[in-house]
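Asks:
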């Protein structure tokens, strides 16, 4: 699959690709599309940016999306991924990692590796996607503080996000305690169902409203950025964002904390139920999507059992002492989900 | 050119590539190779890292190296780039950007995009290269705080570095003043000469000691990390690191500050002189290397003319009022140097 999206690149009366403009010209097109925030003390344009770190500490995470690995420019069902989709997802998945520490994002730096034929308009859309995700996900202190442009043979988007703990302790994966409740904020399995639709022969125009929403969960995930700081304030023991699958990520908490994470079958069933009709359409299993799908970027948190869960959290299981692992109603679950080199 | 370096990947009795190991296993091989620093309050292994920002602000920069664009795995002269070379350079060029703000690096996050056939041993060498550069360049507060691994069809290495201003103002490109002196710390033109040798038919075993040193300036540049903070303390007006070429980067200072940067031909000649014999060998022009070459990551700084230059700086020209541009002895110079999409 090659980045043949030139039909979207009509700029100044011709279809400009990045090979037609200098790096400086491309930056001059991108910068005006990015809002600034109070945290950005010095924005793009110098050797480095300067960002406020009022807490005296800074949280930092990095994540990369690679064409044909993390997204397709054209999906089997015919959908053509927009720059806005890619920018949104790149921003959202990193904002989610900051959220999972109980912090709030303050800035983002972005490295784009682009084939020369990438339309300038597609790159402008990517900048819009970064900006829109920041705005719509309500990361009010965050803005794009800087970046880097490179040529390459496939699109690679690397986003680094910085965050502010505002005096709180970071919430780690490793502090889940026996008898904790484990709770989820945000959705689960929906992005995996959306992926199934995009990979299917069912074209977008044939999908109903609910199925379109599932596709959107895959293309433009909605990490609950309010949930990380709220959970930290409520005394969360352990926290992780669901990026690689519920069982895999719960397994990381189990391993790091040396506990058993036991999922409640009723909770899994509750998450799977709205996905049943789509699973039937595709001959797939809705429960597998819930257990193995991760790209919703929901937030998985353990609390003391007597904690009043912050609004928007739903209990989905409990923590037990025992050999580290994930079970459902006591039965061991196989760790499934995304491994970057396994396919 | 394909990443056919499997002959370096003998691990556990067979030549393991990253496709043979899980992401978690690869991380477990990399982590022990990385030293920690006092700044790393929480290192790799959670959703995000936590780094000290004692100044209440954090400097941040990102830069990417792409296989066959920024480095070759095998050069025309037969040299095979090691993982250590790539790791060193990825670290060094980002540490240089922090230096150019007058700051000191506190941490680094690293995103690696790797073809499945990349030898595990090559990736381990890359981690060693990051670590060795930090150590040998004396970035004593810095360590690798986190990272990300992805699959892809070519090697892409993105490094984000954070830095501490320690109470100083960041030194920008935009504050050069007429009558300033402009001075260089570190080397100029040597990395370009080394690139010329690597791209030539002259095999490594035929090179003399000085030529080997030029190749090393290309593969493992030596940004003068002492110079940025020293210049800031000495009252530097404007500062930039030489990443894209002396004339191009001086032009950025000129444009941002609205001044003329006039280079002293004697200073350029002084930098070119030791490169003459290599230029003759390759039928190249040593002065072009000095004016157009940037990857030495020297530091270009303007000071008030009566400033006593910090040790290690050499005056190479003066700043004048006038239409922004770069001249030598008053004659306009064409902006040449690296543009990521122009080739």
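Chains as they are written, first to last, in my numbering: chain A, 52 to 394; chain B, 52 to 394.
Note that CB positions come from ideal geometry on N, CA and C, so glycine has one too.
For clarity, every value in this text was computed on a predicted model and none was experimentally measured.
Indicate whether residue 72 (chain B) and residue 166 (chain B) have their beta-carbon atoms separated by less than 9 Å.
Replies: No, Cβ-Cβ distance for residue 72 (chain B) and residue 166 (chain B) is not below 9 Å.
Asks: Taking the runs of the beta strand (DSSP E) that are 3 residues or longer, which of them lie wholly in the stretch 92 to 143 of chain A?
Replies: Those beta strand (DSSP E) runs which fall completely within the stretch 92 to 143 of chain A and span 3+ residues are 100 to 103, 108 to 117.
Asks: If the criterion is Cβ atoms closer than 9 Å, does the pair residue 154 (chain B) and residue 280 (chain B) meet it?
Replies: Yes. Within cutoff.
Asks: Over what stretch of residues does the beta strand (DSSP E) that includes residue 292 (chain A) continue unbroken?
Replies: 289 to 292 is the span of the beta strand (DSSP E), which, as asked, contains residue 292 (chain A).
Asks: Which runs of the alpha helix (DSSP H) spanning at least 4 residues fall entirely within the stretch 258 to 292 of chain B, listed in chain order?
Replies: Runs of the alpha helix (DSSP H) inside the stretch 258 to 292 of chain B: 260 to 270, 278 to 284.
Asks: Based on Cα-Cα distance, which residue from B:180, B:261, B:112, B:140 lies nearest to residue 158 (chain B)?
Replies: Nearest of B:180, B:261, B:112, B:140 to residue 158 (chain B), Cα basis: B:112.
Asks: Considering Cα atoms alone, identify which of A:95, A:227, A:383, A:173 is closest to residue 316 (chain A).
Replies: Among A:95, A:227, A:383, A:173, the Cα nearest to that of residue 316 (chain A) is on A:383.
Asks: List, in chain order, every chain A residue whose beta-carbon is nearer than 7 Å to that of residue 164 (chain B).
Replies: Per Cβ cutoff of 7 Å: 115, 117, 207.
Asks: Compare the C-alpha of residue 364 (chain B) against each of B:268, B:234, B:340, B:308 and name the closest.
Replies: Answer by Cα proximity: B:234.
Asks: Distance, Cα to Cα, residue 362 (chain A) vs residue 318 (chain A)?
Replies: Computed Cα separation, rounded: 17 Å.
Asks: What are the residues of the stretch 121 to 132 of chain B that lie near chain A, defined by any Cβ-Cβ distance shorter than 9 Å?
Replies: Those residues of the stretch 121 to 132 of chain B that come within reach of chain A (Cβ to Cβ, closer than 9 Å) are 121.
Asks: Pull up the distance between the alpha-carbon of residue 132 (chain B) and that of residue 126 (chain B), whole angstroms please.
Replies: Taking the straight line from one Cα to the other gives about 8 Å.
Asks: Between which two residues does the beta strand (DSSP E) carrying residue 206 (chain A) extend?
Replies: Counting along the chain, residue 206 (chain A) falls outside any beta strand (DSSP E), and DSSP gives it neither H nor E.
Asks: Should residue 395 (chain B) be flagged as near chain A, meaning a C-beta pair shorter than 9 Å?
Replies: No answer is possible for residue 395 (chain B): it lies beyond the span of chain B, which begins at 52 and ends at 394.
Asks: Return the first residue and the last residue of the beta strand (DSSP E) that residue 337 (chain A) is part of.
Replies: Careful: residue 337 (chain A) lies outside any beta strand (DSSP E), inside the alpha helix (DSSP H) at 337 to 343.
Asks: Does the stretch 349 to 362 of chain A come within contact of the stretch 286 to 297 of chain A, defined as at least 3 CB pairs closer than 8 Å?
Replies: Contact between the stretch 349 to 362 of chain A and the stretch 286 to 297 of chain A is present, because at least three Cβ pairs lie under 8 Å.
Asks: When the Cα atoms are used, what is the spatial distance from residue 329 (chain B) to residue 244 (chain B)?
Replies: Whole-angstrom Cα-Cα distance: 7 Å.
Asks: Go ahead and pull the three-state DSSP assignment for residue 230 (chain A).
Replies: In the structure shown, residue 230 (chain A) sits in coil (DSSP, three-state: anything other than H, G, I, E or B).
Asks: For residue 295 (chain A), does the count of other Cβ atoms within 10 angstroms reach 16, so buried, or fall short, so exposed?
Replies: Per the 10 Å Cβ criterion, buried.
Asks: If you drop the 5 nearest sequence neighbours on each side, which residues of the same chain put their C-beta closer than 6 Å to that of residue 380 (chain A)?
Replies: Cβ within range, chain order: 316.
Asks: Here's a check: name, in chain order, each residue in its chain whose Cβ is nearer than 8 Å to the Cβ of residue 246 (chain A), leaving out the five neighbours to either side.
Replies: Only 269, 344, 346 meet the Cβ criterion.
Asks: Tell me which residues of the stretch 229 to 251 of chain B have at least one Cβ-Cβ distance to chain A shorter than 7 Å, keeping chain order.
Replies: Under the 7 Å Cβ criterion, the stretch 229 to 251 of chain B contributes no residue.
Asks: Mind pulling the chain B residues with CB within less than 7 Å of residue 397 (chain A)?
Replies: The question about residue 397 (chain A) has no answer, for chain A in this structure spans 52 to 394.
Asks: Please work out which residues of its chain come closer than 8 Å, Cβ to Cβ, to residue 87 (chain A), disregarding the five sequence neighbours upstream and downstream, and give them in chain order.
Replies: Cβ within range, chain order: 94, 194.
Asks: Would you identify the three-state DSSP class for residue 242 (chain A), choosing helix, strand or coil?
Replies: Residue state, collapsed to three classes: helix.
Asks: Helix, strand or coil, according to DSSP, for residue 255 (chain A) in the structure here?
Replies: It is helical.
Asks: Using a threshold of 9 Å, state whether the C-beta atoms of residue 190 (chain B) and residue 156 (chain B) are closer than that.
Replies: The answer is yes: Cβ separation under 9 Å.
Asks: What is the DSSP secondary structure of residue 356 (chain A), reduced to helix, strand or coil?
Replies: Of the three classes helix, strand and coil, the one that applies to residue 356 (chain A) here is coil, per DSSP.
Asks: Which one of A:257, A:374, A:241 has the shortest CA to CA distance from residue 129 (chain A)?
Replies: Ranking A:257, A:374, A:241 by Cα distance to residue 129 (chain A) puts A:257 first.
Asks: Please report whether the beta-carbon of residue 383 (chain A) lies at a distance below 9 Å from any beta-carbon of chain D.
Replies: Going by chain labels, chain D is absent from the structure shown, which instead holds the protein chains A and B.
Asks: If you follow the alpha helix (DSSP H) that residue 332 (chain A) is in, where does it begin and where does it stop?
Replies: Counting along the chain, the alpha helix (DSSP H) containing residue 332 (chain A) begins and ends at 327 to 333.
Asks: So which of A:304, A:97, A:272 has the shortest CA-CA distance to residue 137 (chain A)?
Replies: Closest by alpha carbon: A:272.
Asks: Can you pull out the residues from the stretch 327 to 360 of chain B whose beta carbon lies closer than 7 Å to at least one beta carbon of chain A?
Replies: Of all residues in the stretch 327 to 360 of chain B, none has a Cβ within less than 7 Å of some Cβ in chain A.
Asks: Please tell me whether residue 311 (chain A) has its Cβ less than 9 Å away from any Cβ of chain B.
Replies: Not closer than 9 Å to any Cβ of chain B, the Cβ of residue 311 (chain A) fails to qualify, so no.
Asks: Residues of chain A with a CB under 9 Å from the CB of residue 197 (chain B): which are they?
Replies: Near residue 197 (chain B) (Cβ distances below 9 Å), the residues of chain A are 111, 112, 113.
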